[in-house]
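Working notes for the structure below.
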Amino acid sequence: MKKYLPKILSILSYLLPQLAAKIALNIFATPTRIPRPISEMKAFEASKKFFLKNNIAAFQWGEDHHPTVLLIHGWNGRGTQISAFYQQLVAKNFRVIALDGPGHGDSPGKKTNPGHYAQFIIDAQREIAPEGIHSLIAHSFGGGCAVLAASRGLKTKSLVLVASPAFYDRVVEFFSNSLGLKAKSKIHFYKLVGQIAGIDPRELNIGNLGKTLNIPALVVHDEDDNAVNFLSATSIIELWPGTLLLKTKGLGHRRILKDPQVITEVCDFIEKN
Numbered sequence: 006m007k008k009y010l011p012k013i014l015s016i017l018s019y020l021l022p023q024l025a026a027k028i029a030l031n032i033f034a035t036p037t038r039i040p041r042p043i044s045e046m047k048a049f050e051a052s053k054k055f056f057l058k059n060n061i062a063a064f065q066w067g068e069d070h071h072p073t074v075l076l077i078h079g080w081n082g083r084g085t086q087i088s089a090f091y092q093q094l095v096a097k098n099f100r101v102i103a104l105d106g107p108g109h110g111d112s113p114g115k116k117t118n119p120g121h122y123a124q125f126i127i128d129a130q131r132e133i134a135p136e137g138i139h140s141l142i143a144h145s146f147g148g149g150c151a152v153l154a155a156s157r158g159l160k161t162k163s164l165v166l167v168a169s170p171a172f173y174d175r176v177v178e179f180f181s182n183s184l185g186l187k188a189k190s191k192i193h194f195y196k197l198v199g200q201i202a203g204i205d206p207r208e209l210n211i212g213n214l215g216k217t218l219n220i221p222a223l224v225v226h227d228e229d230d231n232a233v234n235f236l237s238a239t240s241i242i243e244l245w246p247g248t249l250l251l252k253t254k255g256l257g258h259r260r261i262l263k264d265p266q267v268i269t270e271v272c273d274f275i276e277k278n
């Protein structure tokens with residue numbers, strides 16, 4: 006069925022553009038739960054497991070009284086996907102908490118979107134550390150949502166964005182093209198995405214949102230990332246004054262989360278900020 010979906014939606018978007026847009030939105034807002042791989046089991050087993058309000062799954066390493074660093078995964082990810090950072094951070098006397106976002110991992114729900122995800126981050130911060138967290142490391146989709154959250158009241162002293170897409174409207178455009186939506190259906194699709202997310206996709210621009218924040222930020226991106234083009238990183242740096250860039254080569258979109266040099270430089274940045 007998936008093989009023929011673009012052809013079906015392409016025809017439907019010509020005949021019934023609004024219906025095609027609604028179907029596309031349903032697909033677009035529904036993440037896929039991917040089982041936790043063996044490579045993450047050691048960190049998973051070493052963590053203290055608990056649930057926040059709304060049954061959001063959380064995994065903690067380190068002492069309760071230490072400053073908090075939140076780990077926020079991307080689309081189709083899970084909290085332990087970013088767990089490689091925890092050992093160095095705990096050694097630097099931080100409490101590290103990874104979360105499974107709505108519709109991901111061990112957390113409930115079937116759908117989410119940037120506005121919903123940003124609010125989940127804000128709610129988690131308010132519950133875990135009402136006075137504010139020390140830092141937040143976010144991967145991919147989670148990066149844009151973290152910056153959106155910071156623009157809406159998230160309390161954090163710094164941000165680390167790993168392999169994050171700078172322009173959400175380009176994500177929406179790519180998806181609508183991949184499903185074969187026609188022009189009229191695309192217009193409806195954009196409107197629907199904006200309605201559920203609470204922000205026009207064109208306004209979810211990390212660089213533009215970031216430059217309104219007074220928060221130190223580190224952008225980490227690999228030149229060979231085939232999921233999110235490296236140009237996303239350069240555009241964020243150009244638009245967000247003072248933001249630092251850590252550029253890597255040959256790590257791609259996910260292996261960058263486990264690279265020892267990346268982990269060390271990210272943890273050093275967090276300690277200094």
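For the sequence shown, this note's numbering begins at 6 and goes up steadily by one. Backbone N, C-alpha and C define an ideal beta-carbon position, used for all residues, glycine too. Bear in mind that the values here come from a model prediction, so they are computed numbers and not experimental data.
Looking at the structure shown, is residue i part of a helix, part of a strand, or coil, going by DSSP?
i    : result
P22  : helix
R260 : helix
V225 : strand
M6   : Confidence at M6 is low in this model, with a pLDDT of 48, below 50, so its placement is unreliable and no value can be given for it.
T239 : helix
F172 : strand
V95  : helix
V267 : helix
N234 : coil
S112 : coil
K12  : helix
D273 : helix
T217 : coil
D128 : helix
N278 : coil
L197 : helix
G203 : coil
L186 : coil
G247 : coil
P119 : helix
G84  : helix
Verify whether the separation of the beta carbon atoms of residue i and residue j is less than 9 Å.
i    : j    : result
A154 : Q124 : yes
H144 : I87  : yes
K187 : A25  : yes
V101 : G67  : yes
K97  : I241 : no
A62  : G110 : yes
C150 : I77  : yes
K162 : P221 : yes
I211 : W245 : yes
H22  : N60  : Here residue 22 is Pro; the residue named in the question, His, does not match the sequence. Contact: no.
G82  : I126 : no
H70  : A168 : no
I201 : N118 : yes
L250 : T239 : yes
Who are the near neighbours of residue i in its chain, counting only those whose CB is closer than 7 Å to its CB and skipping five residues on each side?
i    : result
I268 : A89, F90 and Q93
P206 : Y173, D174, V177, Y195, V198 and G199
L214 : V152, L153 and S156
K115 : T35 and G108
V271 : F90, I142, V165, L223 and V225
K216 : L244, W245 and P246
Y19  : K187
A51  : W66
Please list, in chain order, all residues of the same chain as residue i whose beta carbon is under 6 Å from its beta carbon, the five residues on each side excluded.
i    : result
A134 : T73
K254 : E228
F146 : G79 and W80
G185 : P11, L14 and S15
S237 : P170 and A171
G203 : G120
L256 : D227 and D264
L218 : A155
K235 : The sequence as given places Phe at residue 235; Lys does not occur at that position. Closer than 6 Å at Cβ, skipping near neighbours: H226 and E228.
V233 : A168 and P170
Note down, in chain order, each residue of its chain lying with its Cβ closer than 8 Å to the Cβ of residue i, except the 5 sequence neighbours on either side.
i    : result
M6   : With a pLDDT of only 48 at M6, under 50, the local geometry of the prediction cannot be trusted, and no value is derived from it.
L57  : A63, L104, D128, A129, E132 and I133
F180 : A29 and F33
E136 : K160
Per DSSP, residue i is paired with what?
i    : result
T253 : D227
R100 : T73
N210 : F172
V167 : H144 and V225
Quick check: does the Cβ of residue i come within less than 8 Å of any heavy atom belonging to the ligand PLP?
i   : result
P42 : The ligand PLP is not among the ligands present in this structure, which contains no ligands whatsoever.
Does the beta carbon of residue i sit closer than 9 Å to a beta carbon anywhere in chain D?
i   : result
I39 : Here chain D cannot be found, since the structure has a single protein chain.
Original post:
Considering only residues of the stretch 134–165, which uninterrupted alpha helix (DSSP H) runs meet the minimum length of 4 residues and lie entirely inside it, listed in chain order?
Top reply: 146–156
Subject >> Whole runs of the alpha helix (DSSP H) within the stretch 28–79, excluding any shorter than 4 residues >> reply: 46–51
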